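Engineer: Structure in structure tokens, see below.
Residue numbers (the numbering used here): 183 to 441.
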């Protein structure tokens, strides 16, 4: 509402393609067959939790399978749960979940963990945290009420299968930035996150800015994403203020075309 009061026009549709200028010219944004032309673009596609892509995961998401313990742990009070992952985020999720669940079993494909020593020590000190290694989850199965009831695990050494009764499974194996639309156009790092210059939100292309989880490896919080969104808006405003554009570009940027 506040944005609209100040003149913003909202388009509730998916961007299907981007053609970004590499020389400070106009950028093209397609929403289906509708073309928008702009002097600046702010990229804020975010990041998604990485999924296991095993049978039952999608069907049971929200019915016992979760990707955020801080969001959903309270729903699993006194329940048997697992955490899938071996990094610091998995240990952090396990420590938070342990305040609610009766047991938290950490499932990891190796006996060694990527997590830092201090995070491992903190997790191992908790009386209701257990360890299931070296295992990977191969499937989730629901019960009669269509909520999560079992996780099927496979031993990565001998291939043996075991079935673990659980009420909750929390996947903590990282995030994937949603940068597919701009790969090959703006600079990204090895993980696909958009790279910005210094403490600004400017990308490798003039007039193109990026904010939120699309650039953030570390914090991934709503408040930090909102803050970087504000930075990007200010950077874009200053860019428009300080960058002269030909009259024909200004006229083109004011219109919407259908192709």
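In this text, a Cβ means the ideal position worked out from N, Cα and C, and glycines have one as well.
Note that this is a predicted model, so its numbers are computed, not measured.
Please list the segments of the beta strand (DSSP E) lying wholly inside the segment 317-382, counting only runs of 3 or more residues, in order along the chain.
Structural biologist: The segment 317-382 is shown to contain whole beta strand (DSSP E) runs of 3 or more residues at 317-324, 330-337, 343-347, 350-353, 357-359, in chain order.
Engineer: If you draw a straight line from the C-alpha of residue 420 to the C-alpha of residue 184, how long is it?
Structural biologist: Between the alpha carbons of residue 420 and residue 184 lies a distance of about 20 Å.
Engineer: Report yes if the C-beta distance between residue 314 and residue 287 is below 8 Å; otherwise report no.
Structural biologist: Pairing residue 314 with residue 287 gives a Cβ-Cβ distance under 8 Å.
Engineer: Tell me whether residue 175 is buried or exposed, calling it buried when 16 or more other Cβ atoms sit within 10 Å of its Cβ.
Structural biologist: Nothing in the structure corresponds to residue 175, since the chain is present only between 183 and 441.
Engineer: Can you tell me whether residue 197 is helix, strand or coil according to DSSP?
Structural biologist: Of the three classes helix, strand and coil, the one that applies to residue 197 here is coil, per DSSP.
Engineer: Go to residue 162, then tell me how far its beta strand (DSSP E) extends in each direction, as first and last residue.
Structural biologist: Examination of residue 162 is not possible in this model, given that the chain is present from 183 through 441 alone.
Engineer: Given this structure, state the Cα-to-Cα distance separating residue 255 from residue 247, to the nearest angstrom.
Structural biologist: If you take the alpha carbons of residue 255 and residue 247, they lie about 11 Å apart.
Engineer: Taking 8 Å as the threshold (C-beta atoms), are residue 297 and residue 330 in contact?
Structural biologist: no
Engineer: So what does residue 230 bridge to, in DSSP terms?
Structural biologist: The beta-bridge partner set that DSSP reports for residue 230 consists of 358.
Engineer: What three-state label does DSSP hand residue 413 in the structure shown?
Structural biologist: helix
Engineer: Should residue 353 go down as buried or exposed, given a rule of 16 or more other Cβ atoms within 10 Å for buried?
Structural biologist: buried
Engineer: Which residue wins for smallest C-alpha separation from residue 227, given the options 310, 402, 323, 217?
Structural biologist: 402
Engineer: Report the three-state DSSP secondary structure of residue 184 (helix, strand or coil).
Structural biologist: helix
Engineer: Name the DSSP beta bridge partners of residue 391, please?
Structural biologist: 224, 384
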